[in-house]
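Down below is the structure, laid out as structure tokens.
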Amino acid sequence: MKLKINRGTLLAILECQAIRDPCTYLCGICFRPDGKVAATDGFMLAYGKHENEIEREVIVSIGKLPTKNFEYAKFDTEQGIVRLFDKQNKLIGATLCSEIDGEFPHIDRLINEAELAINHGITEISFSLGLLARLEKMAKYLNSKHPFIKIKTTSATGAALCNIYCPFYGAINVLIMPARI
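For the sequence shown, the positions run 855 to 1035 when the working numbering is used.
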């Protein structure tokens, strides 16, 4: 299967991918038929958009990227390779990929709850600084000159919806679970 994704979306989504997890389907990014691409490590869930027309959910594991200076990436799951291209459509790097067997967690309910939720007068909420640092890194991938995020909280125990917007790549949404102190 051939898949294409832009630089900002790919790098931001990879920040939320699990690295070494017994649930192997969490160690990849999921291209969904509804146009969403997502990754989660259990603490953060990032999702954005892709423009591929696919009939089924595809979970892809990606090797280490040789460079972060590319415009878009093309996945070829049959050959097991990801090709990185620059603005002039020249090949500038490649890495390995493989399709992962398994079913990605059902995230639609969680996304809908976070997007449609109403704030019930939250006065304080706690987050792990490591997760906020990863959020900052993701914002810089999408907009290096003016990185910013918008955080929407609904309850002190529910996931916070963080919106990272870039005029070039669109929006990446991240759900962060609050810390228990």
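Yeah, the Cβ is synthetic: ideal placement off N, Cα and C, and Gly gets one too.
The structure displayed is predicted, hence computed values, not measured ones.
Take the Cβ of residue i as the centre, count every other Cβ of all protein chains shown within 10 Å, and call the residue buried at 16 or more, exposed below.
{"i": "asparagine 943", "result": "exposed"}
{"i": "phenylalanine 803", "result": "As shown, the chain starts at 855 and ends at 1035. That puts residue 803 outside it, with no answer to give."}
{"i": "histidine 904", "result": "buried"}
{"i": "isoleucine 972", "result": "exposed"}
{"i": "asparagine 923", "result": "exposed"}
{"i": "proline 1032", "result": "buried"}
{"i": "cysteine 870", "result": "buried"}
Considering Cα atoms alone, identify which of the options is closest to residue i.
{"i": "alanine 892", "options": "Glu907, Ala872 and Glu909", "result": "Ala872"}
{"i": "alanine 927", "options": "Gly902, Gln933, Leu945 and Ile913", "result": "Leu945"}
{"i": "serine 1009", "options": "Ala866, Glu967, Asn906 and Cys870", "result": "Glu967"}
{"i": "tyrosine 879", "options": "Val936, Gly896, Glu957 and Leu970", "result": "Glu957"}
{"i": "alanine 1025", "options": "Leu857, Ile867 and Asn906", "result": "Ile867"}
Assuming residue i and residue j form a contact by the criterion Cβ under 8 angstroms, report the distance between their Cβ atoms to the nearest whole angstrom.
{"i": "leucine 996", "j": "alanine 1013", "result": "With 8 angstroms as the limit, leucine 996 and alanine 1013 do not qualify as a contact, their Cβ atoms being about 20 angstroms apart."}
{"i": "cysteine 951", "j": "isoleucine 979", "result": "At roughly 37 angstroms, the Cβ-Cβ gap does not stay under 8 angstroms, so cysteine 951 and isoleucine 979 are not in contact."}
{"i": "methionine 898", "j": "leucine 985", "result": "6 angstroms"}
{"i": "lysine 890", "j": "tyrosine 901", "result": "5 angstroms"}
{"i": "glycine 1076", "j": "cysteine 1020", "result": "Residue 1076 lies beyond the range of the chain shown here (855 to 1035); nothing can be said about it."}
What are the boundary residues of the alpha helix (DSSP H) that residue i is part of?
{"i": "isoleucine 1005", "result": "Isoleucine 1005 -> not in any alpha helix (DSSP H); beta strand (DSSP E) instead, spanning 1004-1006."}
{"i": "threonine 863", "result": "861-869"}
In terms of residue numbering, what span does the beta strand (DSSP E) encompassing residue i cover?
{"i": "methionine 898", "result": "898-903"}
{"i": "isoleucine 1018", "result": "1014-1020"}
{"i": "threonine 894", "result": "890-894"}
**Study point:** Minimum length 3: unbroken beta strand (DSSP E) runs contained in the stretch 958-984
**Key:** none
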